[in-house]
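Using UniProt numbering, you'd call the opening residue of the sequence shown number 1 and step up by one each time.
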Amino acid sequence: MRIGFFLRDLKIEGVQVVTLRLAETLMKMGHQCELITLNGAQELELASGILHHSLDIEKRVSFKKSKQYVGKFLSCIEALENNNDKFNVIFSVHGETNDIISYIDNPKLIHCIHNSDEYTYNNKNWFDKLKFRRKLSKKIKSKHVICVSNGIRDFVKSKTDGCALSVSTIYNPFDIEKIKQLSLEDPIYQLPQEYILFVGRLEKQKNIPLLLDSVSKMTTNIPLVIIGEGSLEEELKQQAIKLGIRDKVLFFPFCLNPYSIMRKAKVLVLTSNHEGFGNVLVEALICQLPVISTDCPCGPNEILIDSLKDNLIFKFDSEIIAKKMDVILLSNEQRIPCYLYERFSAKLIAEKYIELVETIN
C-alpha cells in the first residue's frame, strides 16, 4: 500500500515522534510511506525509504485561513500521484492539517485526533460549547476519524451528531525493543545520582506549576529534572525561586534519547490538565520507571491499569501528589509487568491501521 501522513512539521514533539514511528513500522511491513508537511522544519531523522514532501507554508495555519491552503495540498498530492500510483490513504495528524482536509470530500483522508479538548470544552460557556460542537461536526463530516484514546473517542462521539463515517480508537505505537536499547546508553546530560523526572512541553496544558508546588511539599530531599522546552520556562524558574527549590529543579532541553534519562530516574510525574494519550507514561513503563499521573482527560487511566491504578491521582492536589512521590521513593522499586506496555507495541498498532485501511479501500 501507498500510505501518506499529513503533518505540521518534523520537530521533536509527541505527535511527530509517534507518526514517524508508525511510518517506520508500516515500511518494515512492506508498505510505501510518505510524509507531507506544512513546512520544512525538521529535527527528527527519517529512516531510509521514507519520503518527505513539504508544502513550504511557513505561516501558522488557523482554522479561518485553512481553506486557502486546500489547493496547495491537492496540487501536491496530484503531482505525487502523476504516474497513477494513488495513495491508498492519507492520515492527517495535526489540528492544522485536519482543518485543511475538512474542506475536502474524500474518505481516504483520515482525520486523526491526538489531543483531548474535553478540559477546555468543560471550561467554556454554553454558547462557546455550541460553537465548538458545530465546528467539530463540520471538521469530521464524512470522514473516518481515529482517536488515540477511548476518552477522546467517547468525547468526540458525544459532541457530534454522528456525521463522521466512523470514529474509532487506535492507540499510539511504541518500538519497545528500540526504546529498551536506547535506555541502556549514557545520558547526554550531567544528572544527579537520584532524581524525579518530568518530560514534556513547558506549556499550560502540562500544569507544571502543580508539579513544582508538589516537590516543595515533599519530605524526601531529591531534585526534579525537567526535560523540555516551551513558553513557560522562565515563569517556572521564577516559581521555583519563590518556592525555595530553585537549586533542586534542573532544566534541560529536549533530546533525541530521553530513555536513558528515564532509566536512571526514580519516578516520572505527569500533572497535566489534559492529554491526548500520555506517550511519556508508556515510554517510562518500558524503561521500568514507576510513574505518577493525574487522572486527567484523556489517556492516563487507560495506561495505568491493574497494579498501576494506585499511581493515578484523582485530585489536582499538591499535598496528595507530594505524599505519593514520597511513598514511591521510599518503597522498594515497583516492577512493571510487561503486558502493561506490550499492548502498545508498534507492530500491533500498525496492524490495526492496516485493518482500517483495508475496510476503506
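The beta carbon of each residue, even a glycine, is placed where N, CA and C say it ideally should be.
For Glu-34, the pairing in a beta bridge is given by DSSP as Gly-4, Leu-51. Non-local beta-carbon contacts of Phe-277 in its own chain, meaning distances under 6 Å to residues more than five positions away in sequence, involve Val-148, Ser-149, Asn-172, Gly-299 in chain order. Taking 7 Å as the cut-off, the beta carbon of Ala-47 is found no closer than this to the beta carbon of Asp-9. Sequence-distant Cβ neighbours of Leu-211 in its own chain, meaning closer than 8 Å and more than five residues away, are Phe-198, Leu-224, Val-269, Thr-271, Ile-321. For Thr-19, no beta strand (DSSP E) segment is defined; the enclosing uninterrupted segment is the alpha helix (DSSP H) at 14-28. Sequence-distant Cβ neighbours of Val-357 in its own chain, meaning closer than 8 Å and more than five residues away, are Met-1, Ile-3, Asn-88, Val-89. Shortest Cα-Cα distance from Cys-163 to any of Lys-65, Gly-71, Lys-138, Leu-340 involves Lys-138. Gln-16 counts as buried, since at least 16 other C-beta atoms from the protein chains shown sit within 10 angstroms of its C-beta. Leaving aside the five residues that flank Thr-97 on each side, the residues in its chain whose CB is nearer than 6 Å to its CB run, in chain order, Phe-6.
Just so you know, the alpha carbons of Ile-170 and Asn-125 end up roughly 31 Å apart.
With the rule of 3 Cβ pairs closer than 8 Å, the stretch 200-215 counts as touching the stretch 308-324. In this structure, Ile-140 places its C-beta atom within 7 Å of the C-beta atom of His-111. For Asn-115, same chain residues with a beta-carbon under 6 Å away, outside a window of 5 residues either side, are Gly-276 in chain order. If you draw a 10 Å sphere on the C-beta of Ile-360, you find fewer than 16 other C-beta atoms in it, and that means exposed. Close CB contacts of Arg-60 within its chain, under the 6 Å cut and outside five residues either way in sequence, are absent.
Annotation: the stretch 129-213 contains the following complete segments of the alpha helix (DSSP H) (minimum length 4 residues), in chain order: 150-159, 176-183. Straight across, the Cα-Cα distance linking Leu-348 with Ile-176 is about 11 Å. Counting other Cβ atoms within 10 Å of its Cβ, Tyr-189 stays below 16 and is therefore classed as exposed. The DSSP-derived three-state label of Val-93 is coil. Residue pairing by DSSP puts Leu-250 in a beta bridge opposite Val-225.
Looking at Val-282, Ser-183, Lys-135, the one whose alpha-carbon comes closest to that of Phe-63 is Lys-135. Sixteen is the threshold: when 16 or more other Cβ atoms of the shown chains lie within 10 Å of the Cβ of Thr-19, as they do, the residue is buried. When secondary structure is reduced to three states using DSSP, Thr-294 falls in the strand class. Bounds of the alpha helix (DSSP H) holding Val-280 are 279-286. Spanning the alpha carbons of Lys-315 and Tyr-103 requires a straight line of approximately 40 Å.
For Ser-293, the closest alpha carbon among the candidates Asn-273, Asp-306, Ile-286, Cys-287 is that of Asn-273.
Closest in C-alpha terms to Ile-100, from the list Tyr-119, Lys-72, Asp-85, comes Lys-72. Residue pairing for His-111: DSSP places it in a beta bridge opposite Ser-92, Val-145. DSSP places Val-70 inside the alpha helix (DSSP H), whose first and last residues are 70-80.
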